[in-house]
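Encoded as structure tokens, the structure appears first; notes follow it.
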Amino acid sequence: MLTPTPLMRLVSGFWSFKTFAAAVELDLFTRLAGGKSITVEKAAAELGLADRPADLLFAACASLGLLERDGDGYRNSALAEEFLVAGKPYYFGGQVRYCDKRTYLAWHRIGDALRTDRPLTWDPDTHASMFETEDPQILALFWEAMYSTSIFTARALGEAYDFGAHTRLLDVGGGSGAYPIELCRRYPGLRATVFDLPHVVPIAAEKAAAAGLADRVDTVAGNFLHDETLPVGYDVVLLSMILHDWDEPTNRELLAKCYAALPSGGAVVVSELLLNADRTGPAEAALMGMNMLVETEGGRNYSETEYKEWLTDAGFVDAHVVLFDAPGANGVVVARKP
Numbered sequence: 456m457l458t459p460t461p462l463m464r465l466v467s468g469f470w471s472f473k474t475f476a477a478a479v480e481l482d483l484f485t486r487l488a489g490g491k492s493i494t495v496e497k498a499a500a501e502l503g504l505a506d507r508p509a510d511l512l513f514a515a516c517a518s519l520g521l522l523e524r525d526g527d528g529y530r531n532s533a534l535a536e537e538f539l540v541a542g543k544p545y546y547f548g549g550q551v552r553y554c555d556k557r558t559y560l561a562w563h564r565i566g567d568a569l570r571t572d573r574p575l576t577w578d579p580d581t582h583a584s585m586f587e588t589e590d591p592q593i594l595a596l597f598w599e600a601m602y603s604t605s606i607f608t609a610r611a612l613g614e615a616y617d618f619g620a621h622t623r624l625l626d627v628g629g630g631s632g633a634y635p636i637e638l639c640r641r642y643p644g645l646r647a648t649v650f651d652l653p654h655v656v657p658i659a660a661e662k663a664a665a666a667g668l669a670d671r672v673d674t675v676a677g678n679f680l681h682d683e684t685l686p687v688g689y690d691v692v693l694l695s696m697i698l699h700d701w702d703e704p705t706n707r708e709l710l711a712k713c714y715a716a717l718p719s720g721g722a723v724v725v726s727e728l729l730l731n732a733d734r735t736g737p738a739e740a741a742l743m744g745m746n747m748l749v750e751t752e753g754g755r756n757y758s759e760t761e762y763k764e765w766l767t768d769a770g771f772v773d774a775h776v777v778l779f780d781a782p783g784a785n786g787v788v789v790a791r792k793p
């Protein structure tokens with residue numbers, strides 16, 4: 456029998472996120488690091504909460520798979536222990552905090568974005584792009600969020616596509632360097648360069664040094680939108696979670712720059728949450744497209760068919776899709792310069 460139950464799940468979807476975000480804000484999972492178990496009464500005292508809200512929070516977190524019962528108390532689930540304890544290598548809290556602080560309230564006005572076709576998290580009249588902000592805390596949260604998501608996407612990409620055929624990788628708009636770091640770890644013969652804005656590349660350099668890869672992952676400062684050319688000397692160019700930020704003419708222009716920078720036989724790898732050919736899903740890609748309406752002037756999530764068409768028009772050949780499952784992408788479109 457058809458019921459509105461699926462609609463109720465959609466209606467209440469934000470309950471899960473805000474419960475999750477509140478627990479991260481309270482540093483709940485960090486407090487429980489190392490297998491610590493705590494009763495609701497003791498947690499209430501430590502967190503400065505009354506017993507009722509503490510009880511409701513712990514029950515909700517357990518229902519979401521973030522906590523587990525341990526006798527009379529609760530402890531972190533394996534998922535929370537691995538990714539939600541501050542200071543751990545793959546801490547995901549930055550992603551949670553960024554979405555909670557920057558995009559959640561903006562999404563409350565999604566109707567405005569639909570009617571005006573203008574972003575909600577920044578003002579195009581006073582800033583050049585979403586990547587410019589006067590709030591250093593937001594910038595720090597953004598790069599932490601991107602790094603935690605990109606690490607595992609890079610691992611999935613490294614398993615799905617053989618970078619062993621390449622020796623020099625240029626990561627265009629590479630941000631904090633998660634992709635080069637993970638790919639160089641997997642492929643000992645690979646060296647990589649992060650190409651990004653001058654205020655971003657020091658973050659990538661610091662991450663590479665911390666990973667012990669400063670001798671194989673370097674940086675070049677520039678602006679892939681405004682620079683006439685991209686750095687040369689690379690046999691593979693990576694565009695990861697870049698093209699969804701921009702409109703079609705901007706993306707076509709960037710792909711033309713990639714083509715010009717690569718030698719014959721070089722490859723371009725476009726890593727994204729790809730829509731299917733008839734633009735009916737998957738939901739992760741379609742909803743990320745809605746988030747681009749909130750966060751960008753012209754961005755959207757594109758279909759694999761569109762990417763293949765643009766690559767072919769730019770001169771590339773053998774454009775094909777390699778699918779995988781990861782937090783920041785569901786596949787890549789790969790093409791080769793003849």
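Under my numbering, the first residue of the sequence shown carries the number 456, and numbering increases by one thereafter.
Cβ coordinates follow ideal geometry from the N, Cα and C atoms, glycine included.
Next item on the list: May I have the straight-line CA-CA distance separating L625 from L710, to the nearest angstrom?
Entry: 13 Å
Note to self: Please report the distance separating the alpha-carbon of V479 from that of F472.
What the structure shows: 11 Å
Notebook entry, point to check: Is it a yes or a no for the region 615-630 touching the region 689-701, going by three-plus beta-carbon pairs under 8 Å?
Noted result: yes
Next item on the list: Tell me whether E480 sits in a helix, a strand or coil according to DSSP, three-state version.
Entry: helix
Margin query: Here's the rule I'm using: 16 or more other beta-carbon atoms within 10 Å means buried, otherwise exposed. How should T684 be labelled?
Written below: exposed
Next item on the list: Can you grab the Cα-Cα spacing for the pair E708 / F547, in whole Å?
Entry: 34 Å
Check: Which two residues bound the contiguous alpha helix (DSSP H) that contains L502?
Finding: V495 to L502
Margin query: Check for me: the alpha helix (DSSP H) holding D768 runs from which residue to which?
Written below: E759 to A769
Check: Should D527 go down as buried or exposed, given a rule of 16 or more other Cβ atoms within 10 Å for buried?
Finding: exposed
Notebook entry, point to check: Would the region 541-559 and the region 596-614 be scored as touching if the rule is three or more Cβ pairs under 8 Å?
Noted result: yes
Item checked: Span of the alpha helix (DSSP H), counted from its first residue to its last, around E683 -> Segment: none, E683 is in no alpha helix (DSSP H) and carries neither H nor E.
Margin query: Between which residues of its own chain and R646 is the CB-CB distance below 6 Å, once the five residues before and five after are set aside?
Written below: R623 and R671
Check: Which residue from L512, E523, N785 and M456 puts its Cα closest to that of A738?
Finding: N785
Margin query: Tell me the rounded alpha-carbon separation between V649 and L521.
Written below: 34 Å
Notebook entry, point to check: Roughly how many angstroms lie between the CA atoms of V772 and L728, to the nearest whole one?
Noted result: 22 Å
Margin query: Is it buried or exposed, M747, if we count other Cβ atoms within 10 angstroms and call 16 or more buried?
Written below: buried
Next item on the list: May I ask which residues mark the beginning and end of the beta strand (DSSP E) holding T674?
Entry: V672 to A676
Check: What's the C-alpha gap between W598 and A499?
Finding: 32 Å
Note to self: With a threshold of 8 Å, are at least 3 pairs of Cβ atoms found where one atom belongs to the region 631-642 and the other to the region 651-666?
What the structure shows: yes
Margin query: Between which residues of its own chain and W765 is the CB-CB distance below 7 Å, once the five residues before and five after are set aside?
Written below: N706, R707 and L710
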